[in-house]
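Note that the protein sequences, when read in sequence, are chains H and S. Following the numbering used here, the numbering of the first sequence begins with 131 at its first residue and continues without gaps. Following the numbering used here, the numbering of the second sequence begins with 131 at its first residue and continues without gaps. We put the CB at the ideal spot given by N, CA and C, even for glycine. Since the model is a prediction, treat every value here as computed from it, not as a measurement. In what follows, a structure is listed as structure tokens, so that the remarks can point back to it.
2 protein chains.
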Amino acid sequence: MTVTDSSMRGKTILVVEDEKPIRDLLRFSLEREGFQVEAAEDAAAARLSLAEKRPDLVLIDWMMPVTSGLEFARELKAAATFADIPLIMLTARGEEGDKVKGLNTGCDDYVTKPFSTAELVARISAVLRRTVPGGSDERIEFGGIEINVAAQRVEANGQSINLGPTEYRLLHFFTSHPERVYSREQLLDRIWGQNVYIEERTVDVHIRRLRKALAPAGKDNLIQTVRGTGYRFSATPS
Amino acid sequence: MTVTDSSMRGKTILVVEDEKPIRDLLRFSLEREGFQVEAAEDAAAARLSLAEKRPDLVLIDWMMPVTSGLEFARELKAAATFADIPLIMLTARGEEGDKVKGLNTGCDDYVTKPFSTAELVARISAVLRRTVPGGSDERIEFGGIEINVAAQRVEANGQSINLGPTEYRLLHFFTSHPERVYSREQLLDRIWGQNVYIEERTVDVHIRRLRKALAPAGKDNLIQTVRGTGYRFSATPS
DNA sequence: CCCGATTGTCACACCGCTGTCATACTCGCG
DNA sequence: CGCGAGTATGACAGCGGTGTGACAATCGGG
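Below you can see the structure in the form of structure tokens.
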């Protein structure tokens, strides 16, 4: 039984798992579903594969030697280049504390062991479906702000803008989704990750930081507050 | 106890459920929370309601005669017009296969029976919060007033109109339900929410504020007072 | 190990929105 | 024409949403 639909085929999944039997099982199951599978047995190998293949999704085991799955997840989400790659974590059943911590790293879903292959594949499909396809664009421009995605550089009015990782992702999201209102919760979902438990007001703070960074170029007015709803990125002033 | 927040007010939910007792229960519970509820007992009725009302969310029972819930979900997600409407599935407990297939159909969440109303409402709220309004670049136009739902922006005669949250919802409701009289009580129900106790006179005030906002564009005459009854939004002057 | 950068949270100030009231006005009817 | 009910308008106090600066914790690099 193949449960994935056509849009899933050919997607590359990086499996980070130290136990070879499980790794092989995962590879077999996922390849049977039509995915490309990259396997890594530790964090080091995973980093290589990550940079080289740029997978569409990372499946990572919570229990890992040397660098734990949690650490690796944090590392992944901290790197602006890879932060938008969805992440699913494999975790042992019932470890509530672990589960919460795992969620806090910003992973998009988690699957508890023992798991059925069908369920795993289903969750992978669900996460991939949610993911925006436009992840590998070279250059984004909106309202005089130019983002060089590959170099992770931002320019506005010729002057270069220095941003922290979170502000960069925020701006990147806004420039690729302009002229739309987003609630704080939606922004948390799409920029921080789908299962992060963070105060909604934190969004305000990062909005402010981004505004401050854009102010010298006079572009801070592109971020508009929609009272009672959220924020909007727009070229036309309100 | 109402667990929904203001952004949920007036959202329309289509309930597709063949068993009348459950359908009535769902309707009661959801309406108490301030949702608009459309009920359909089979796929055919659901299609009608879907096209006519364009609900904000579809709640569908897995077990359905003739066309199963799964089939209907696939149909929904395949139709370009409706694919962006979020979908929650009701399913019997413990049926692993069902769970997997449900996720794969592209439904945004599922609730296993028996379920608590609180949980159902919580999940509905969560899904609705995630959903971006006006998923398919929805635009409403009436009498020279144009509403960009996604951006939550209003234009009339080319000039942009600035509205507060309540006035925006009021105008949004009017433009999507023109040429029809609504009493103050009806407007309170549909715009403020079903269980809000507010002076009916307050409606007058917001009508006035909306008129004032539309006046610069000369569109304030679209809101007509029907003495002894309520208000009407119409293109033809009285 | 120390230092700067980044991040999430909080407290406080501010201001626009909101609901209500009092008053002025309009309409229909006897 | 006058009356009463219904409606428009302006004002206002309270509330809540938002902006902002500060701070502790954490992270990464030297």
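How far does the alpha helix (DSSP H) with residue i in it reach, from first residue to last?
| i | result |
| --- | --- |
| residue 332 of chain S | 331 to 344 |
| residue 296 of chain S | 295 to 306 |
| residue 182 of chain H | 173 to 183 |
| residue 316 of chain S | 314 to 317 |
Please work out which residues of its chain come closer than 6 Å, Cβ to Cβ, to residue i, disregarding the five sequence neighbours upstream and downstream, and give them in chain order.
| i | result |
| --- | --- |
| residue 170 of chain S | 146, 176 and 179 |
| residue 344 of chain S | 350 |
| residue 354 of chain H | 362, 364 and 368 |
| residue 339 of chain H | 297 |
| residue 247 of chain S | 159 |
| residue 166 of chain H | 142 |
| residue 289 of chain H | 347 |
| residue 261 of chain S | 216 |
Given residue i, which residues of its chain have a CB within under 7 Å of its CB, disregarding the five upstream and five downstream residues?
| i | result |
| --- | --- |
| residue 404 of chain H | The structure shown does not extend to residue 404 of chain H, since chain H spans only 131 to 368, so no value can be given for it. |
| residue 230 of chain H | Here the model assigns residue 230 of chain H a pLDDT of 47, short of 50, so the residue's position is not dependable, and the following value carries that caveat. Counting only Cβ-Cβ distances below 7 Å, and skipping sequence neighbours, we find nothing. |
| residue 225 of chain H | With a pLDDT of 48 at residue 225 of chain H, under the threshold of 50, the modelled position of this residue cannot be trusted, and the question is left open. |
| residue 285 of chain S | 276 and 291 |
| residue 274 of chain S | 286, 287 and 349 |
Can you grab the Cα-Cα spacing for the pair residue i / residue j, in whole Å?
| i | j | result |
| --- | --- | --- |
| residue 268 of chain S | residue 158 of chain H | 43 Å |
| residue 319 of chain H | residue 326 of chain H | 8 Å |
| residue 203 of chain H | residue 317 of chain H | 20 Å |
| residue 192 of chain S | residue 141 of chain S | 23 Å |
| residue 360 of chain S | residue 314 of chain S | 6 Å |
| residue 277 of chain H | residue 214 of chain H | 16 Å |
| residue 181 of chain S | residue 330 of chain S | 33 Å |
| residue 305 of chain H | residue 168 of chain S | 37 Å |
| residue 189 of chain H | residue 156 of chain H | 10 Å |
| residue 228 of chain H | residue 323 of chain H | Low confidence applies here, because residue 228 of chain H scores a pLDDT of 45, under 50, leaving its location unreliable; read the following figure in that light. Looking at the two C-alpha atoms, the distance is approximately 17 Å. |
| residue 86 of chain S | residue 282 of chain S | Any question about residue 86 of chain S goes unanswered here, given that chain S covers just 131 to 368. |
| residue 346 of chain H | residue 352 of chain H | 13 Å |
| residue 328 of chain H | residue 348 of chain S | 45 Å |
| residue 336 of chain H | residue 201 of chain H | 24 Å |
| residue 151 of chain H | residue 194 of chain H | 14 Å |
| residue 232 of chain H | residue 208 of chain H | With a pLDDT of 46 at residue 232 of chain H, under the threshold of 50, the modelled position of this residue cannot be trusted; read the value that follows with caution. For residue 232 of chain H and residue 208 of chain H, the distance between alpha carbons rounds to 14 Å. |
| residue 161 of chain S | residue 332 of chain S | 23 Å |
| residue 245 of chain S | residue 149 of chain H | 38 Å |
Out of the options, which one is the CA nearest neighbour of residue i?
| i | options | result |
| --- | --- | --- |
| residue 184 of chain S | S/172, S/199, S/193 and S/206 | S/206 |
| residue 250 of chain S | S/143, S/366 and S/367 | S/143 |
| residue 357 of chain S | S/293, S/199 and S/334 | S/334 |
| residue 198 of chain S | S/209, S/211, S/212 and S/174 | S/174 |
| residue 342 of chain H | H/281, H/259, H/293 and H/274 | H/293 |
| residue 310 of chain S | S/328, S/259 and S/366 | S/366 |
| residue 211 of chain H | H/295, H/312 and H/332 | H/295 |
| residue 312 of chain H | S/209, S/259 and S/161 | S/259 |
Only counting the same chain, and skipping five residues up and downstream in sequence, which positions put a Cβ closer than 8 Å to that of residue i?
| i | result |
| --- | --- |
| residue 241 of chain S | 218, 219, 220, 221, 249, 250 and 253 |
| residue 153 of chain S | 145, 147, 169 and 171 |
| residue 307 of chain S | 363 |
For the beta strand (DSSP E) containing residue i, list its first residue and its last residue.
| i | result |
| --- | --- |
| residue 191 of chain H | 187 to 191 |
| residue 165 of chain S | Unbroken run through residue 165 of chain S: none, as it is neither H nor E. |
| residue 271 of chain H | 269 to 272 |
| residue 290 of chain S | 289 to 291 |
| residue 354 of chain S | 353 to 356 |
| residue 143 of chain S | 142 to 146 |
| residue 285 of chain S | 283 to 286 |
| residue 242 of chain S | 239 to 243 |
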